[in-house]
Amino acid sequence: MKKSICINLPERTDRKELAIEEFKKLDRDVLFVEALKVERDHEKITKAIKRGYIGLNLTIARELKIAIEEGVKELTIFEDDVVFIDDVQKIYDSEIKNLPEDASVLYWGSVSVGIGSRLVKGRIHKVRKAYYGHAITLYNKDGFFESLINELEKLEQPSDVCILNHYRDVVNGLKAYSFVKGIAYQRAGYSDNTEREENERLVD
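The sequence shown begins at 62 in this note's numbering and counts up by one.
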């Protein structure tokens with residue numbers, strides 16, 4: 062079973078409207094899910110671990126639990142500031158067949174994939190380091206979802222859906238791949254995770 066979700070804060074109706082337009086480029090249904098809000102005095106907040114990161118970690122963990130209950134084996138997570146290239150569906154359909162069967166993670170686009178990355182075929186690369194995964198697919202193999210939930214709920218690292226960097230050495234069954242050149246990137250604007258304005262992040 063496959064499922065696609067988009068994480069959105071209720072007050073960010075501006076982002077939801079833009080995301081709805083972007084999803085028209087895809088041949089799939091995308092369910093909007095409400096991001097969990099964290100109080101400003103949360104004990105885990107630090108200079109590096111901001112409130113938005115904690116909320117995102119907990120939101121992803123919640124959605125992974127729901128996916129397990131529903132029997133979902135392939136969960137695609139979009140952030141609400143995602144932007145797709147115009148021919149995203151055409152490229153996805155032609156390249157997804159090149160994804161190895163052992164994949165646990167597929168970035169639709171990422172930055173800094175060159176560190177330890179290896180070409181598989183076409184646009185699919187096996188990666189060891191990647192940032193800014195505003196569109197990412199997770200595959201539940203060998204208890205991967207359960208292991209990832211455990212790490213996310215520790216709230217020890219900011220995720221920003223950058224699952225590969227923080228959990229590659231501690232989560233069972235993590236085999237990560239990325240589209241290069243990417244088919245998704247982050248829209249310029251205020252980030253609720255970093256709590257600052259971010260420039261448009263094109264992907265490798």
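All residues carry an ideal CB built from backbone N, CA and C; glycine is no exception.
Going by DSSP, what residue range makes up the beta strand (DSSP E) through residue i?
i: residue 65; result: 63-69
i: residue 140; result: 135-140
i: residue 179; result: 179-182
i: residue 186; result: 185-187
Between which residues of its own chain and residue i is the CB-CB distance below 8 Å, once the five residues before and five after are set aside?
i: residue 214; result: 118, 119 and 122
i: residue 98; result: 70 and 116
i: residue 236; result: 161, 163, 164, 165, 166 and 187
i: residue 66; result: 91, 92, 93, 94, 124, 136, 137, 138 and 139
i: residue 182; result: 159
Report buried or exposed for residue i, applying the criterion of at least 16 other Cβ atoms within 10 angstroms of its Cβ.
i: residue 179; result: exposed
i: residue 140; result: buried
i: residue 80; result: buried
i: residue 89; result: exposed
i: residue 162; result: exposed
i: residue 244; result: buried
i: residue 138; result: buried
i: residue 154; result: exposed
i: residue 74; result: exposed
i: residue 265; result: In this predicted model, residue 265 has a pLDDT of only 49, less than 50, meaning its place in the structure is not dependable enough to derive any value.
i: residue 127; result: exposed
Nearest by alpha-carbon distance to residue i: which of the options is it?
i: residue 136; options: 147, 151, 165 and 145; result: 165
i: residue 152; options: 64, 65 and 184; result: 184
i: residue 242; options: 146, 154 and 203; result: 146
i: residue 114; options: 78, 144 and 68; result: 68
i: residue 63; options: 78, 86, 84 and 132; result: 132
I'd like the span of the alpha helix (DSSP H) that includes residue i, first residue to last.
i: residue 207; result: 205-213
i: residue 155; result: 149-156
i: residue 82; result: 74-84
Apart from the five residues on each side of it in sequence, which residues of its chain come closer than 6 Å, Cβ to Cβ, to residue i?
i: residue 198; result: 137 and 167
i: residue 206; result: 125 and 129
Leaving out the 5 sequence neighbours to the left and right, which residues in its chain are closer than 7 Å to residue i when beta-carbon positions are compared?
i: residue 134; result: 62, 200 and 201
Stretch-stretch touch, CB-based, cutoff 8 Å, three pairs: the stretch 165-173 with the stretch 184-192: yes
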